[in-house]
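Going down the list, the protein sequences come from chains A and B. When you number the first sequence by my numbering, it's gap-free, plus one each residue, and the end is 323. When you number the second sequence by my numbering, it's gap-free, plus one each residue, and the end is 310. All C-beta atoms in this analysis are idealised placements derived from N, C-alpha and C, irrespective of residue type, glycine included. From a predicted model like this one, the values you see are computed outputs, not experimental measurements. Structure first, commentary second.
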Amino acid sequence: MAEIKTKGEMLFNRGAILAVVVALIIMLTPIYWIAATSFKARNLATTIPPTVVFEPTLAPFAKLFTKRSQLREPVAPEVYEAAPWWEKLIYDGGEQVVRNKKTNEPTSSGFGNRYMNSLIVSIISTFLAVSMGTLTAYGFSRFRVPGEQDWLFFILSTRMLPPVVVAIPMFLMYRAVGLHDTHIGLIILYTAFNLSFAVWIMKGFIDEIPREYEEAALVDGYTRMEAFFKIVLPEALTGIAATAVFCFITAWNEYAFALMMTSKNAQTAPPYIPSQVGSGLSDWTVIASGAFLFLVPVAIFTFLLRNHLLRGMSFGAIRK
Amino acid sequence: MADVMTRLEPNSRAAARGLSDLSIRNLFIIPTITFLIVFNVFPLIYSLYTGFTDYRASTTAPANWVGLANFRELLSDPFIWRNFTITAKYVVISVTGQVIVGFGLAMLLNRPMALKGLITTLLMLPMMLSPAVVGLFWKLLYDPSFGIINYFLGLGKFEWLADPQMALWAVAMVDIWMWSPFVMLLSLAGLSAVPKHLYEAAEIDRAGPFYTFFRITLPLVAPILMIAIIFRTMEAFKTFDHAYILSSQPTTELIAIRLYKMAFLEWQTGLSSAFAYIVLIVVVAITNIYVKYLNKAKAR
């Protein structure tokens, strides 16, 4: 990053910036494309040449949450007028919402439930992993533990196991105790998976808090517990938040365990969204809208996390 | 108890009140260790046992002890070896691609630039996304008739995923797209830590750009780059999500996919447990190397 002196260097610098811009466009095009497709009318999603300029519609989202069937004949005008806005969008696409014969309630597609499951499982497992992980990290950071390095290696190695390897015996055990396709079953797996990560990264954050703070508190008559909760925890708050966001994203994105350990009740969104490809009424705008809704929280979190990404990705080994 | 008391005397005033440091340490650490042993180690011990049986989870037939037969069958099965070869090829393609693109991007970004923070964050988006959903939308991009990749590259109706030769490259390309930013992130950290005076000295000595790169930049970034490479190698070795969604070609059947099919579609529980153990040994070996490098980076 030496100062730019010659004309040649300046030219080179401009070239580098141009290359970065091109790379950025290439890297972001797939994400843009899925976001754009989720606001397109069905007939615009698969055109050649690709449709770049279009009038955005919420029809894909209306379709995403409902069960639909093909309209055999045009819908009666009075029925159309009486329908809520989202149902009109579905009528416009030549489809109708499947309604319950008795209650006339619209039938949901199952996406809403899967999204809820994703939220429940991710939030609870994150909470458990971060709270246990923070305590354990404090233990490893402040006290001498016999065989410390071996324990830390053991903890990390559980994270590295391929999900399929763990899933085979877990499947048999869950089936035996009735935890298959339950929220608790999935929460346990995700907690175990994130716990090792939380311990490693929180240990780095707690190592950075000077011991003198607690020692001063201990001298002032705090107990070790009080010193931990009143001095260390507030100091570690940024680290805890960053760790929590990382754990949440990992659990939210997880696919393999969810595929093997759930089938319906506790199924999360990642195995559900792909399963809609090739189903009778599948259309790419609906799949894209599901993917879009699923990616939005992660994109927001990535921005919140941007200063801690390096640390999280290197298990706390590299700090800025 | 004495070894836990790093600063305080055990009989000091502070330690006498509340819980002792030893009990706090145990209270904080033991639940986590227990949790991991119950939900990770215990299942693995169980699957070590099933690995020596002919158990099938789809039937009610009891498991019969078959000794080493499963391992013998796996290690002499040419199809399994093909899965290993495919995985090796996939790991080499995707990790090499990620290092080239990621390190290249880091070199480009390692200069004063407007909006650098925003650009870096945007570049990092792909690796934060769900691989399963990413695999899904690349399916749309790769589509031979309306995919935008064929359109922009002018390839007509090129079959990325249906072509047995091309499919593995297509799957690896998605991995490169997702994880180059990771290599970039680590390389940037390495590049920004190279002391400036080394470049100044090189300039005074009239060293050429190649000399500067190979003698100063690369050696100093190498340790951190190594962490990225080992981590990505391990992750690529385990790849399942996007590969399984993108392609069902036999030429893209990575080890994790074969293992999944064996265990959950063919229900060969015993055989797949044995297979899982072979995979496990490889992963633990790479993890060992990885931790060694992580600790080295920490010590710096």
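Cβ-Cβ distance between residue i and residue j below 8 Å
| i | j | result |
| --- | --- | --- |
| ASP153/A | LYS267/A | no |
| LEU196/B | ALA246/B | no |
| CYS250/A | ALA170/A | no |
| LEU269/B | SER258/B | no |
| LEU164/A | ASN80/B | no |
| ARG322/A | ILE204/A | no |
| THR297/B | MET244/B | yes |
| ILE240/B | TYR287/B | no |
| GLY112/B | MET194/B | yes |
| ILE37/A | ALA291/A | yes |
| PHE156/B | ILE51/A | yes |
| GLY77/B | PHE94/B | no |
| VAL143/B | PHE297/A | yes |
| TRP287/A | LEU256/B | no |
| VAL289/A | LEU47/A | no |
| LEU61/A | LEU92/A | yes |
| GLY34/A | MET138/B | In the sequence as displayed, the identity of residue 34/A is Ile instead of Gly. No, these two residues do not count as a Cβ contact at 8 Å. |
Cross-chain neighbours of residue i in chain A, by beta carbon under 8 Å
| i | result |
| --- | --- |
| GLY28/B | THR226, ARG227, MET228 and GLU229 |
| ILE240/B | The contacting residues do not exist; ILE240/B stays about 11 Å from chain A at best. |
| ILE234/B | ILE321 |
| SER282/B | ILE171 |
| ASN50/B | THR161, LEU164, VAL169 and ALA195 |
Within-8 Å CB hit, residue i to chain A
| i | result |
| --- | --- |
| LYS308/B | yes |
| ALA7/B | Past the boundaries of the shown model lies residue 7/B; chain B is included only from 11 to 310, so the question cannot be answered. |
| ASN93/B | no |
| ARG35/B | yes |
| ILE103/B | no |
Same chain only: Cβ atoms within 6 Å of residue i, ignoring 5 sequence neighbours per side
| i | result |
| --- | --- |
| TRP148/B | VAL184 |
| LEU230/B | VAL204 |
| SER68/B | TRP277 |
| TYR161/B | none |
| TRP89/A | ALA65 |
Where residue i falls, given that 16 or more other Cβ within 10 Å makes a residue buried
| i | result |
| --- | --- |
| SER57/B | buried |
| GLU263/B | buried |
| ARG82/B | exposed |
| GLN175/B | exposed |
| ALA219/A | exposed |
| TRP103/A | In the sequence as displayed, the identity of residue 103/A is Asn instead of Trp. It is exposed - the Cβ of ASN103/A has fewer than 16 other Cβ atoms within 10 Å. |
| VAL248/A | buried |
| THR129/A | buried |
| PHE224/B | exposed |
| ILE299/B | exposed |
| ILE40/B | exposed |
| PRO219/B | exposed |
Own chain, CB closer than 8 Å to residue i, minus 5 neighbours either side, in chain order
| i | result |
| --- | --- |
| LEU198/B | ALA116, LEU119, ASN120 and THR130 |
| LEU29/B | LEU37 |
| MET264/A | ALA170, MET173, PHE174, TYR177, HIS183, ASP184, GLY188, LEU189 and LEU192 |
| VAL292/B | PHE247 |
| TYR94/A | LEU74, VAL78, TYR83 and ALA86 |
Minimum Cβ-Cβ distance from residue i to chain B less than 8 Å
| i | result |
| --- | --- |
| TYR118/A | no |
| MET205/A | no |
| PHE143/A | yes |
| ASN16/A | yes |
| TYR3/A | Any answer about residue 3/A is impossible in this case: the structure gives chain A only from 4 up to 323. |
| PRO273/A | yes |
| PRO172/A | yes |
| PHE64/A | no |
| SER266/A | no |
| LEU236/A | no |
| LEU284/A | In this prediction, LEU284/A has a pLDDT of 49, which is less than 50 and means its spatial position is unreliable; what the coordinates show is noted afterwards. With 8 Å as the cut-off, LEU284/A does not count as an interface residue toward chain B. |
| TRP89/A | no |
| SER125/A | no |
| PRO77/A | no |
| PHE200/A | no |
Chain-ordered neighbours of residue i on chain B, where CB pairs are closer than 9 Å
| i | result |
| --- | --- |
| VAL180/A | Per Cβ cutoff of 9 Å: no residues; VAL180/A is ~12 Å from chain B at best. |
| MET13/A | The premise fails here: MET13/A is roughly 11 Å from chain B at the closest Cβ pair, so nothing lies under 9 Å. |
| THR246/A | Going along chain B, no residue has its Cβ under 9 Å from THR246/A, so there is no contact; the nearest lies around 14 Å. |
Chain-ordered neighbours of residue i on chain A, where CB pairs are closer than 7 Å
| i | result |
| --- | --- |
| ALA266/B | PRO165 and VAL167 |
| VAL301/B | PHE156 and LEU159 |
Same chain, Cβ closer than 7 Å to residue i, neighbours up to 5 away in sequence not counted
| i | result |
| --- | --- |
| TYR152/B | ILE159, TRP170, LEU171 and ALA180 |
| ALA245/A | LEU308, HIS311 and GLY315 |
| PRO166/A | ALA259 and PHE260 |
| ALA230/A | GLU217, ALA220 and LEU221 |
Where residue i meets chain B, residues with beta-carbon distance less than 8 Å
| i | result |
| --- | --- |
| ALA22/A | LEU118 |
Cutoff 8 Å: residue i Cβ touching any chain D Cβ
| i | result |
| --- | --- |
| TRP170/B | This model lacks chain D altogether; the protein chains it does include are A and B. |
Chain-ordered chain B contacts of residue i [CB-CB under 7 Å]
| i | result |
| --- | --- |
| THR49/A | PHE156 |
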